[in-house]
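Trainee:
Residue numbers (the numbering used here): 113 to 550.
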């Protein structure tokens, strides 16, 4: 291993088991890519165990440049049934792998069959075949490199089974990191689970939560949920933002409302389309200046709703772009849209892009269920506005308010207290947990 530029002598080694790693794109890769970047600054030497031949639904080769040459990467091959599923339908297999599930009424027989197989035969998920070979390999690796602490991060939650088995066989210190919940995540109930499969998921979740030494979650709501299931210590470490050197683009000339990230079928905000449609019809100036900018994978149901409300002429659909390009688009858009499914299961979800939105200096317009962690963060940091799905008139008035500020060249956010969400500050919290307790 090369000597670190900061000359800090490592005082602890840890092993991180992660499925997502560059060149994977999307939000799942960011969390541990950034933790690994900063952990050595706090005396921790990270070893990262990842699959050698993964099936990533999204790719972003530019993220490879963010992996330090000093990072210790271990790769082992993985068998994934998504490769077999793509023989029948490559497009549908990729969509399901990335979490985009069609509305139940619009699902084909093939898609229903693939969802049933995914939920009932591959428990907890399609990466479960990586568990046994990983345990065999890592037992020797941990002993050889004198590493006594392992962190598994999910989803995919099958990676927690690697930690569970290592805990049983060699009694390592084991921390589970839940970027999202397990059995209460929104898409879980869409997997057409049999009663046996549902019980199996619950059993594995309980076993993991009771067997690990500590749990890290990304929201206070998830912490409260898990506290009902286990007495293991739980630490909230949210996602965050990094200091990124991005080539700035000038602000969009149009009054752009930009949604960045996957626009899932269940995240289809009819209330927003209604409001925008009414504004475009009733306000000539708004119709002249307005643009709906979509960046990332967008479900067919969302596009159909946009068409239904006659908003198609206002759409600029850029598709999937690299993370660096997404940051550029965030900072040049007029308003940033954050949409969450109107369900109690999503109250705990804090999208990673929220924190990047917060430092973009662009106001956030968020729509979601009541009493969410997202709403609390946006209000506490003064980075935008949040609306529930029944607040149509309030939502319309806010968009008009943003539009007036845009016309006056005075549209900007004025955030407070963001430093606590910097990736380096969050990594410092993680390092204290690792050094003081393990």
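Backbone N, C-alpha and C fix where the C-beta goes; we use that ideal spot for every residue, glycine too.
1) Looking at the structure shown, is residue 126 part of a helix, part of a strand, or coil, going by DSSP?
2) Alpha carbon to alpha carbon, how far is residue 143 from residue 517?
3) List the whole-angstrom C-beta distance separating residue 187 from residue 163, where the pair is believed to meet the contact cut-off of C-beta under 8 angstroms.
4) Specify, as a first and last residue, the run of the alpha helix (DSSP H) that residue 492 falls within.
5) Can you give the beta carbon distance from residue 451 to residue 381, rounded, assuming they're within the 8 angstroms contact cut?
6) Measuring only the C-alpha atoms, how far is residue 432 from residue 486?
7) Taking the runs of the beta strand (DSSP E) that are 3 residues or longer, which of them lie wholly in the region 441-487?
8) Roughly how many whole angstroms lie between the Cα atoms of residue 170 and residue 375?
9) Grouping DSSP H, G and I as helix and E and B as strand, with all else coil, what is residue 174?
10) What are the boundary residues of the beta strand (DSSP E) that residue 329 is part of?
11) What is the C-beta distance between residue 364 and residue 444, in whole angstroms, given that I count them as a contact (C-beta under 8 angstroms)?
12) Use the C-beta contact count for residue 357: other C-beta atoms within 10 angstroms, 16 or more gives buried, fewer gives exposed.
13) According to DSSP, residue 157 sits in a beta bridge with which residue or residues?
14) When you compare each of 489, 519, 130 to residue 289 by their alpha carbons, which one comes out closest?
15) So residue 303 packs on residue 373, CB below 8 angstroms; how close in whole Å?
16) With DSSP as the reference, label residue 254 as helix, strand or coil.
17) What is the DSSP secondary structure of residue 409, counted as helix, strand or coil?
18) Let me know the alpha helix (DSSP H) ranges lying completely inside the region 340-402, each 4 residues or longer, listed in chain order.
19) According to DSSP, residue 498 sits in a beta bridge with which residue or residues?
20) Distance, Cα to Cα, residue 416 vs residue 410?
21) So what's residue 296 in DSSP terms, helix, strand or just coil?
22) Does DSSP put residue 533 in a helix, in a strand, or in coil?
23) Residue 387 to residue 185, Cα distance in whole Å?
24) May I ask which residues mark the beginning and end of the alpha helix (DSSP H) holding residue 427?
25) Run through DSSP, which three-state label would residue 261 get?
26) Please classify residue 524: does DSSP put it in a helix, a strand, or coil?
27) Using 8 angstroms as the cut-off, can you tell me whether the region 489-501 makes contact with the region 314-323, which would need three or more C-beta pairs spanning the two stretches below that distance?
28) For residue 469, count the other beta carbons within 10 Å of its own beta carbon; 16 or more makes it buried, fewer makes it exposed. Which is it?
29) Where does residue 288 sit, in a helix, a strand or coil, going by DSSP?
30) Secondary structure at residue 304, three-state DSSP: helix, strand or coil?
31) Applying the criterion that 16 or more other CB atoms from any shown protein chain within 10 Å of the CB defines a buried residue, is residue 483 buried or exposed?
32) Whose C-beta lies closer than 6 angstroms to the C-beta of residue 488 among residues of the same chain, with five residues either side of it excluded?
33) Does residue 311 come out as helix, strand or coil in the three-state DSSP assignment?
34) Does the region 506-522 come close enough to the region 331-349 to have 3 or more Cβ pairs within less than 8 angstroms?
35) Is it right to say residue 362 is buried, meaning 16 or more other beta carbons lie within 10 angstroms of its own, or is it exposed?
36) Is the region 270-279 in contact with the region 236-250, if contact means three or more CB pairs nearer than 8 angstroms?
Mentor: Taking the structure as given:
1) strand
2) 34 angstroms
3) 7 angstroms
4) 485-493
5) 5 angstroms
6) 24 angstroms
7) 447-451, 476-479
8) 14 angstroms
9) helix
10) 326-329
11) 6 angstroms
12) exposed
13) 125
14) 130
15) Contact doesn't hold; Cβ gap of about 22 angstroms is too wide.
16) helix
17) coil
18) 382-394, 396-401
19) 478
20) 10 angstroms
21) coil
22) helix
23) 49 angstroms
24) Note, residue 427: premise wrong, no alpha helix (DSSP H); beta strand (DSSP E) at 427-431.
25) strand
26) coil
27) no
28) buried
29) strand
30) coil
31) exposed
32) none
33) helix
34) no
35) exposed
36) yes
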